[in-house]
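Undergrad:
Residue numbers (our numbering), protein chains in the order written: chain Y, 24 to 375; chain V, 19 to 332.
#1: Considering only their Cβ atoms, is the gap separating residue 237 of chain V from residue 315 of chain V smaller than 8 Å?
#2: To test your reading of the DSSP string, which unbroken alpha helix (DSSP H) runs of 4 or more residues are found completely within the stretch 145-189 of chain V?
#3: Could you tell me which chain Y residues have their CB closer than 7 Å to the CB of residue 67 of chain V, listed as they occur along the chain?
#4: Name the chain V residues that come within less than 8 Å of residue 11 of chain Y, Cβ to Cβ?
#5: Please compile the residues from chain V whose C-beta is within a distance smaller than 8 Å of the C-beta of residue 195 of chain Y.
#6: Using a threshold of 8 Å, state whether the C-beta atoms of residue 43 of chain Y and residue 67 of chain Y are closer than that.
#7: If distances are taken between C-alpha atoms only, which option among V:287, V:162, V:59 comes closest to residue 145 of chain V?
#8: Are residue 152 of chain V and residue 179 of chain V touching if we call contact CB-CB under 8 Å?
#9: Helix, strand or coil for residue 304 of chain Y, going by three-state DSSP, please let me know.
#10: Could you name the residues of the stretch 131-152 of chain Y whose beta carbon sits closer than 8 Å to any beta carbon of chain V, in the order they occur along the chain?
#11: Provide the residue(s) that pair with residue 101 of chain V in DSSP beta bridges, ordered along the chain.
#12: Whole angstroms is fine: what's the gap from residue 289 of chain V's alpha carbon to residue 223 of chain V's?
#13: Hey, is residue 332 of chain Y's beta-carbon within less than 8 Å of any beta-carbon in chain C?
#14: Starting from the beta carbon of residue 123 of chain V, find every residue of chain Y whose beta carbon is closer than 7 Å, and list them in chain order.
#15: Can you find a C-beta in chain Y that's less than 8 Å from the C-beta of residue 154 of chain V?
#16: From this set, V:150, V:148, V:287, V:217, which residue's C-alpha is nearest residue 182 of chain V's C-alpha?
#17: For residue 310 of chain V versus residue 253 of chain V, is the C-beta distance shorter than 8 Å?
#18: With 8 Å as the C-beta to C-beta threshold (strictly closer), list the residues of the stretch 176-207 of chain V near chain Y in chain order.
#19: Does residue 241 of chain V get closer than 8 Å to chain Y when you measure Cβ to Cβ?
#20: Assuming residue 284 of chain V and residue 325 of chain V are in contact, meaning their beta carbons sit under 8 Å apart, how far apart are those beta carbons, in whole angstroms?
#21: Is there a Cβ from chain Y that is less than 8 Å from the Cβ of residue 62 of chain V?
#22: In whole angstroms, what separates the C-alpha of residue 369 of chain Y from that of residue 280 of chain Y?
#23: Around the C-beta of residue 206 of chain Y, are 16 or more other C-beta atoms found within 10 angstroms, so that it is buried, or is it exposed?
#24: For chain Y, is any of its Cβ atoms less than 8 Å away from the one on residue 332 of chain V?
#25: Looking at residue 295 of chain Y and residue 197 of chain Y, is the spacing between their C-beta atoms short of 8 Å?
#26: Going by beta carbon distance, what residues of the same chain come within less than 6 Å of residue 201 of chain Y, once the five residues before and after it are set aside?
#27: What residue range does the alpha helix (DSSP H) around residue 358 of chain Y cover?
#28: Please decide whether residue 288 of chain Y counts as near chain V, where near means a Cβ-Cβ distance under 8 Å.
#29: Let me see if you follow: with CB-CB separation under 8 Å, is residue 90 of chain V close to chain Y or not?
#30: So, for residue 215 of chain Y: in the same chain, excluding its five sequence neighbours on each side, which residues have a beta-carbon less than 8 Å away from its beta-carbon?
#31: Could you name the residues that DSSP lists as bridge partners for residue 251 of chain V?
#32: Under 8 Å: do the stretch 106-120 of chain Y and the stretch 67-82 of chain Y share three or more Cβ pairs, one atom per stretch?
#33: For residue 228 of chain V, name the three-state secondary structure that DSSP assigns.
#34: Can you tell which of Y:283, Y:328, Y:261, Y:282 has the C-alpha that lies nearest to the C-alpha of residue 344 of chain Y?
#35: Answer with buried or exposed for residue 98 of chain V, where buried requires no fewer than 16 other C-beta atoms within 10 angstroms of its C-beta.
#36: Could you check if residue 56 of chain V is buried or exposed, using at least 16 other CB atoms within 10 Å of its CB as the buried criterion?
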């Protein structure tokens with residue numbers, strides 16, 4: 024009996040591959056994505072003092088692995104703009120009187136964090152605190168958090184937009200690939216393509232239905248987040264809708280591609296599973312991409328979900344406008360076009 | 019002039035190294051019931067899939083209802099009805115909804131669609147089940163619904179891939195009654211089958227084996243062709259003497275004795291039997307028993323396929 028089951032398992036290549044490689048893949052991805060502390064958080068420094076002591080403090084900050092100082096701004100509004108545009112996660116403000124204050128009663132260094140990413144935000148404060156203490160323990164140095172967005176650092180505000188993105192990536196993709204593979208599995212595809220209806224019409228019919236479904240689910244998720252969990256939508260609804268439509272189309276097209284390689288619904292789901300895990304863990308849903316291993320970062324930046332989540336967080340939590348999410352829009356548009364073209368090419372009205 | 023609704027020339031389909039359909043040439047006349055007979059795996063399904071525009075041939079050409087099936091498949095599809103071998107309707111739609119859906123994608127106008135659905139459901143006797151889910155129907159009823167769906171757009175040619183496979187004999191007869199009735203209304207049939215009794219009911223037959231056409235003709239013609247004439251069996255008191263006499267007589271092409279009877283192959287049994295009887299009586303041998311043997315199509319098929327195989331693999 025056991026021998027027979029093992030034979031079944033090995034003969035079913037797809038299942039066998041999944042059983043064998045899924046656990047390894049999953050743990051490797053999670054390990055590479057979440058291992059160690061949060062590192063390389065893009066930081067902007069505003070050094071209003073500029074004298075030798077303040078420069079020494081900046082040098083101390085530079086030694087930290089947690090921070091990656093990418094920008095130097097002249098004043099606080101400039102630094103805030105960098106954070107709003109998503110170019111930096113943290114701003115460290117060194118006041119004009121820094122050197123004098125240290126000599127007198129003690130200085131205060133202000134740390135501004137981007138509350139739409141509580142993981143990074145939470146990691147920065149203690150690190151800066153530590154650097155400050157090490158820099159000059161005799162002189163009292165304080166770190167204050169001036170949280171720009173999501174002032175209460177609520178995890179829900181961070182995670183809710185991401186969950187919408189994940190849901191729209193996964194469910195429409197699974198549903199449409201199952202719908203198409205289902206036609207094949209039940210044998211209805213042969214009867215269907217024996218009619219003069221075009222392949223594009225068949226595809227379009229399915230796309231429209233699941234597109235409607237996708238919008239309905241996204242709306243209901245956001246409604247629950249807003250009314251039950253006090254998520255504040257700060258940005259333009261229209262911009263959100265544009266992103267949802269783009270992303271849904273891409274996700275449905277990907278589902279069509281998956282179905283092309285699957286004869287049964289089961290196979291379709293099995294093919295989708297590994298992709299889903301990679302997407303969920305590497306898209307920056309739970310953990311900032313900057314903190315992930317450089318090995319997996321290229322994967323992260325190749326995933327459409329990464330851009331979708333970035334855009335949704337920016338628009339919903341920060342109220343960002345089009346200029347901030349242009350990069351996301353361009354990437355997602357290009358990706359969507361490629362996916363549609365591939366899906367239409369792959370979904371040929373033939374039995375071969 | 020005879021109009022052909024299906025004409026193929028050198029039709030070939032390869033799957034890797036397997037030649038599923040090998041230079042098939044067919045001509046189906048408008049208004050006939052054309053049977054495509056062959057064992058499983060002979061290439062019947064692949065051939066009809068090409069005819070229906072569902073597969074592209076590797077080489078060769080198929081013209082169906084006046085259109086090239088590879089180049090203008092949509093034109094072909096609009097004008098023919100295709101019933102795949104495997105049942106392919108939507109189980110979660112009712113009988114009526116299935117007909118309605120297929121009617122709409124064949125672009126039959128809505129009012130005509132309803133009228134047509136009523137007629138067809140009446141023909142295949144499913145009108146009392148019209149509100150039932152297709153998934154709840156019995157196997158035979160599913161097949162009938164399948165047939166109904168292929169007719170919703172009033173096609174001039176019905177291509178049926180083993181329409182009665184797995185159906186019990188009484189129901190198969192009912193199916194053939196439908197076919198005949200529709201045929202009288204002017205619908206041409208192209209029917210794949212491996213049932214010999216069904217093949218007998220076709221106007222003309224093509225025999226296919228290993229992807230190649232072995233013979234084409236009416237069932238009677240094929241029988242004649244396979245045995246080189248008609249067969250007579252007779253019994254006399256002295257079989258060996260009779261055999262010797264008949265061998266010299268020139269009445270028959272072949273004379274053999276087996277199982278206590280003499281078997282002859284002649285050109286025309288009806289006229290030869292009286293001649294042989296009087297020929298033997300003149301020589302003092304009374305014919306005790308004589309009859310024409312009706313060969314069954316199965317033997318014919320096996321014989322023709324073997325002969326074809328012999329010539330193909332010398």
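Even for Gly, the Cβ is constructed at its ideal location relative to N, Cα and C.
TA: Let's see:
#1: yes
#2: 157-168
#3: 374
#4: Any property of residue 11 of chain Y remains undetermined from this structure, which presents chain Y solely from 24 to 375.
#5: Under the 8 Å cutoff, chain V gives no residues; its nearest Cβ is about 20 Å from residue 195 of chain Y.
#6: no
#7: V:162
#8: no
#9: helix
#10: none
#11: V:178
#12: If you take the alpha carbons of residue 289 of chain V and residue 223 of chain V, they lie about 27 Å apart.
#13: The chain inventory of the structure shown lacks chain C, comprising the protein chains Y and V.
#14: Result: 218, 220.
#15: no
#16: V:217
#17: Not in contact: residue 310 of chain V and residue 253 of chain V (Cβ atoms no closer than 8 Å).
#18: For the stretch 176-207 of chain V, the set of positions with a beta-carbon nearer than 8 Å to some beta-carbon of chain Y is empty.
#19: no
#20: Actually they do not touch by this definition, with Cβ atoms about 20 Å apart.
#21: no
#22: Within the model, the alpha-carbon separation for residue 369 of chain Y versus residue 280 of chain Y is close to 7 Å.
#23: buried
#24: Only weak support exists for where residue 332 of chain V lies, its pLDDT of 39 falling under 50; the value from the coordinates is given anyway. So, not an interface residue.
#25: Closer than 8 Å, so yes.
#26: 288, 291
#27: 349-369
#28: no
#29: no
#30: Hits under 8 Å: 206, 225.
#31: V:281, V:309
#32: yes
#33: coil
#34: Y:261
#35: buried
#36: buried
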